[in-house]
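Here the sequence shown stands for residues 1 to 72, where the numbers follow UniProt numbering. Cβ coordinates follow ideal geometry from the N, Cα and C atoms, glycine included. Below: the structure, in structure tokens.
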Amino acid sequence: MIGSRVMLTKNLWTEVGLVNGALGIVFDAAWDADFPARQQQMDDEENPEGVPFVILVKMDRYTGPQCFPERD
């Protein structure tokens, strides 16, 4: 998942480059605190609650404000 290429399929914030077709790379993901229990459920059967709570994506041509400082 981390490092996967993704594409927006909807215009979110056109002024800063978050437009339909914009590309990015998955930077990180986070799950709820009770994720291990949900992961086991997902392993047993398809369970939409097993998906990450948030997925952080670094967009290729995003020009808006930064959420996090650049890594050295």
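At a Cβ-Cβ threshold of 8 Å, M59 and G24 count as neighbours. Assigned with DSSP and collapsed to three states, V16 falls in helix. Separation of the CB atoms of V6 and V26 is rounded to 6 Å, and the pair is thereby assigned contact status at 8 Å. The beta carbon of F53 lies closer than 7 Å to those of A30, W31, D32 in the same chain, with the five residues before and after it left out. Closest option to W13, judged by alpha-carbon separation, among P69, I2, P65: P65.
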